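S.K.: Protein chains in written order, with our numbering: chain W, 1 to 95; chain H, 1 to 95; chain V, 1 to 95; chain S, 1 to 95; chain B, 1 to 95; chain D, 1 to 95; chain E, 1 to 95. Right, I'll just put the structure down here and ask away after.
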Amino acid sequence: MADKIKIIVLDILKPHKPDIIEFGLLIEKSRGVKCVNMSVYAVDEKTESVKLAIEGPDLDYKKIKKTIEDHGAVIHSIDKAVIGESRIINAPDLK
Amino acid sequence: MADKIKIIVLDILKPHKPDIIEFGLLIEKSRGVKCVNMSVYAVDEKTESVKLAIEGPDLDYKKIKKTIEDHGAVIHSIDKAVIGESRIINAPDLK
Amino acid sequence: MADKIKIIVLDILKPHKPDIIEFGLLIEKSRGVKCVNMSVYAVDEKTESVKLAIEGPDLDYKKIKKTIEDHGAVIHSIDKAVIGESRIINAPDLK
Amino acid sequence: MADKIKIIVLDILKPHKPDIIEFGLLIEKSRGVKCVNMSVYAVDEKTESVKLAIEGPDLDYKKIKKTIEDHGAVIHSIDKAVIGESRIINAPDLK
Amino acid sequence: MADKIKIIVLDILKPHKPDIIEFGLLIEKSRGVKCVNMSVYAVDEKTESVKLAIEGPDLDYKKIKKTIEDHGAVIHSIDKAVIGESRIINAPDLK
Amino acid sequence: MADKIKIIVLDILKPHKPDIIEFGLLIEKSRGVKCVNMSVYAVDEKTESVKLAIEGPDLDYKKIKKTIEDHGAVIHSIDKAVIGESRIINAPDLK
Amino acid sequence: MADKIKIIVLDILKPHKPDIIEFGLLIEKSRGVKCVNMSVYAVDEKTESVKLAIEGPDLDYKKIKKTIEDHGAVIHSIDKAVIGESRIINAPDLK
Chain W
1 MADKIKIIVL DILKPHKPDI IEFGLLIEKS RGVKCVNMSV YAVDEKTESV KLAIEGPDLD
61 YKKIKKTIED HGAVIHSIDK AVIGESRIIN APDLK
Chain H
1 MADKIKIIVL DILKPHKPDI IEFGLLIEKS RGVKCVNMSV YAVDEKTESV KLAIEGPDLD
61 YKKIKKTIED HGAVIHSIDK AVIGESRIIN APDLK
Chain V
1 MADKIKIIVL DILKPHKPDI IEFGLLIEKS RGVKCVNMSV YAVDEKTESV KLAIEGPDLD
61 YKKIKKTIED HGAVIHSIDK AVIGESRIIN APDLK
Chain S
1 MADKIKIIVL DILKPHKPDI IEFGLLIEKS RGVKCVNMSV YAVDEKTESV KLAIEGPDLD
61 YKKIKKTIED HGAVIHSIDK AVIGESRIIN APDLK
Chain B
1 MADKIKIIVL DILKPHKPDI IEFGLLIEKS RGVKCVNMSV YAVDEKTESV KLAIEGPDLD
61 YKKIKKTIED HGAVIHSIDK AVIGESRIIN APDLK
Chain D
1 MADKIKIIVL DILKPHKPDI IEFGLLIEKS RGVKCVNMSV YAVDEKTESV KLAIEGPDLD
61 YKKIKKTIED HGAVIHSIDK AVIGESRIIN APDLK
Chain E
1 MADKIKIIVL DILKPHKPDI IEFGLLIEKS RGVKCVNMSV YAVDEKTESV KLAIEGPDLD
61 YKKIKKTIED HGAVIHSIDK AVIGESRIIN APDLK
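Written out as structure tokens, the structure is:
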């Protein structure tokens with residue numbers, strides 16, 4: 001189970017077509033992907049900015065990247081990643 | 001179970017009639033829809049803007065879109081989508 | 001269980017009498033109503049504005065509306081509705 | 001179980017004596033009251049403003065009101081009420 | 001179980017000595033006290049302002065008050081109280 | 001179990017060396033300490049300000065204080081303490 | 001189990017290559033690391049600032065530090081640490 005990519009959050013810029021539903025279906029077909037969450041946060045005339053969260057037991061980032069780029073979108077940044085056990089680490093929040 | 005549409009959140013503009021209750025009942029009749037949540041966030045003289053969340057094991061977006069448009073409403077945008085397993089992905093929120 | 005109205009949230013304007021407790025008791029008597037939540041958010045000399053949430057396995061909106069209007073109140077707007085399964089749909093909230 | 005008052009939240013203005021502890025004990029003695037929560041939110045020279053939440057399987061508002069007024073306090077407003085099943089109704093909060 | 005004081009939150013002003021740990025130990029010794037939470041929210045040259053929450057199945061406020069005053073502190077206000085069943089009452093929060 | 005110190009939150013000023021990891025390990029060795037949480041909230045050229053939470057079934061504050069001071073740090077204030085049962089007391093938060 | 005490092009949160013500055021996914025995989029290979037969370041919070045032309053949370057039953061900070069520095073990144077600060085039992089300590093938050 002060690003050194004596996006479990007969650008990736010990407011910031012992408014995509015054309016309106018395919019819409020986020022079709023886009024999500026294409027990404028969900030990648031090996032190892034179990035769940036895709038998409039959320040549009042800015043809309044322009046020809047493009048939309050989308051936060052894309054992907055979860056699975058062993059994500060293949062190269063293939064996910066290729067799928068995104070093959071459909072006319074670009075990855076602005078890799079925002080977040082969870083590696084190893086699929087867990088959000090709680091940290092002390094002392095005030 | 002793979003590549004199925006589980007949750008869609010739409011931003012729609014609709015006339016006051018049918019009201020959101022009747023509107024929700026019409027959408028809930030679409031194949032695969034199990035639950036409809038509607039929330040009005042802006043009201044105009046003749047129209048209202050509504051966030052519409054739809055959940056089901058295998059949503060048919062084309063039919064949902066047709067139902068919405070057949071009752072005089074337009075889809076402003078597809079805001080959010082969950083594809084594959086029906087799960088909200090937690091992402092690290094480190095400060 | 002399909003196409004049933006499970007939760008309605010209304011924004012109403014009512015005279016001070018009957019008070020929200022008596023008002024809630026009247027609504028709770030409608031067929032299919034199991035629970036009524038009322039919250040006053042603005043008070044005027046002769047009226048008060050109230051958020052009214054109603055839950056039940058099969059709400060009859062027409063009768064609820066009649067009860068409200070029979071006691072001197074008016075419905076400003078239908079704010080929210082849950083149709084089908086009684087569930088609040090979680091949507092991705094990616095930042 | 002139908003048409004019963006389960007939770008009432010009142011906004012009251014009271015003299016400093018009896019203090020909120022003694023005041024709460026007096027209200028808790030009313031028939032049907034199981035739990036009393038009190039929270040002071042403003043203090044003046046001779047009075048204090050208090051949010052008073054009362055829960056029980058079958059509250060008797062008239063007696064509660066009498067107890068409050070018999071001890072020198074006035075009810076500013078009935079802020080909230082839960083009637084029927086004792087449950088806080090969740091409503092869609094779509095953004 | 002009826003008419004028992006379960007939770008009290010006090011706002012107190014105390015000298016720096018005894019510190020909040022020693023102070024809490026003294027209060028915890030009062031009959032009926034099971035748990036003491038203390039939180040300093042303002043510090044002055046000679047004094048500190050402290051929120052003091054006390055929980056137990058049957059608190060004796062008079063003795064708690066005496067303990068506080070016997071160690072050089074004064075009670076600014078009784079902020080909150082829970083009487084009867086030890087429960088925080090949820091109230092409808094409709095928006 | 002009565003009159004035991006269960007949680008202490010301290011505000012300390014420490015030199016950069018030893019770092020918070022080594023510092024936490026030193027404190028964790030004190031009798032009765034089960035868990036140490038440290039969070040840096042301000043950094044200066046030679047010092048850093050740290051919130052330090054310590055939990056255990058029976059904390060010995062004097063020894064903890066000595067350990068802190070033996071490693072070049074000073075205690076700004078004792079911010080919070082839990083005495084008796086190890087529980088965060090919920091208080092009514094009525095609005 | 002005593003005196004073990006369970007959670008570390010670091011603030012690091014890294015070049016864009018390797019990306020946070022590859023970087024996380026490298027750190028996850030260190031002895032004792034079970035889970036890595038990474039979150040980018042600022043992006044510059046040549047570098048990015050990242051919050052890096054690492055969890056494990058017995059973290060070896062020296063090796064983690066070496067791995068980070070061997071890949072061209074620098075540790076700005078050690079922000080948070082959990083030592084002993086792996087638990088976030090709740091502290092009274094009285095208002």
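Virtual Cβ for every residue (Gly too), placed ideally from N, Cα, C. What you are looking at is a predicted structure, and each value in this text was computed from that prediction instead of being measured.
(1) Identify the continuous beta strand (DSSP E) that holds I75 of chain B and give its terminal residues.
(2) Taking the alpha helix (DSSP H) that K6 of chain B falls in, what are its first and last residues?
(3) Taking three-plus beta-carbon pairs below 8 angstroms as touching, is the stretch 88-95 of chain B in contact with the stretch 32-47 of chain V?
(4) My understanding is that G32 of chain V touches P57 of chain V, with C-beta atoms under 8 angstroms, so please give their C-beta distance in whole angstroms.
(5) Classify V50 of chain H as buried or exposed, calling it buried when 16 or more other Cβ atoms lie within 10 Å of its own Cβ.
(6) Give, in chain order, every unbroken run of the beta strand (DSSP E) that is at least 3 residues long and sits entirely within the stretch 23-53 of chain W.
(7) Within 10 angstroms of the Cβ of K80 of chain D, are there 16 or more other Cβ atoms? Answer buried if so, exposed if not.
(8) For Y61 of chain B, return the contacting residues in chain S, with the cut-off set at a CB-CB distance below 9 angstroms.
(9) Taking the alpha-carbon positions, what's the L25 of chain W to C35 of chain W distance?
(10) With C-beta atoms as the reference, is I83 of chain E less than 9 angstroms away from I27 of chain E?
(11) Would you verify that the beta carbon of P92 of chain S is, or is not, closer than 9 angstroms to some beta carbon of chain H?
(12) Taking C-alpha atoms, which residue in E:D11, E:D44 and E:S30 lies nearest to K17 of chain E?
(13) Is I5 of chain W closer than 9 angstroms to Y61 of chain W when the C-beta atoms are compared?
(14) Determine the direct distance from the alpha carbon of V74 of chain S to that of I64 of chain S, and round the result to whole angstroms.
(15) Just the chain D side, please: which residues come within less than 9 angstroms of G100 of chain E by C-beta, in chain order?
(16) Please tell me whether S86 of chain D has its Cβ less than 9 angstroms away from any Cβ of chain B.
(17) What separation, rounded to the nearest whole angstrom, lies between the Cα atoms of S86 of chain S and I89 of chain B?
(18) Based on DSSP bridge pairs, tell me the residues matched to E55 of chain V.
(19) Since I believe H71 of chain E is in contact with F23 of chain E (beta carbons under 8 angstroms), could you give me their beta-carbon distance rounded to a whole number of angstroms?
(20) What in chain D is Cβ-close to K80 of chain B, meaning under 8 angstroms?
(21) What did DSSP end up calling K95 of chain H once you bin it into helix, strand or coil?
(22) Report back the beta-carbon spacing between K55 of chain V and I12 of chain V to the nearest angstrom; my notes put them in contact at under 8 angstroms.
(23) Check for me: the alpha helix (DSSP H) holding D70 of chain H runs from which residue to which?
(24) Within 9 angstroms (strictly less), CB to CB, does I5 of chain B reach chain D?
(25) Tell me which residues share the same chain as L10 of chain E and place their Cβ nearer than 7 angstroms to its Cβ, disregarding the 5 neighbours each side in the sequence.
(26) So, does the CB of V9 of chain H fall closer than 9 angstroms to a CB anywhere in chain S?
(27) Might you give, ordered along the chain, the residues of its own chain that have their beta carbon closer than 8 angstroms to the beta carbon of T47 of chain D, omitting 5 neighbours on each side?
M.R.: If we stick to the structure as given:
(1) V74 to G84
(2) Here K6 of chain B belongs to no alpha helix (DSSP H); instead the beta strand (DSSP E) covers I5 to P15.
(3) yes
(4) 6 angstroms
(5) buried
(6) 35-43
(7) buried
(8) D19, I21 and E22
(9) 10 angstroms
(10) no
(11) yes
(12) E:D44
(13) yes
(14) 12 angstroms
(15) What is shown of chain E runs 1 to 95, which leaves residue 100 of chain E out entirely.
(16) yes
(17) 11 angstroms
(18) V:I7 and V:C35
(19) 6 angstroms
(20) A91 and P92
(21) coil
(22) The question names Lys, but residue 55 of chain V in the sequence shown is Glu. That belief does not hold up - the Cβ atoms of E55 of chain V and I12 of chain V are roughly 16 angstroms apart, past 8 angstroms.
(23) Y61 to D70
(24) no
(25) L52, I75, I78 and D79
(26) yes
(27) L13, K14, P15 and H16
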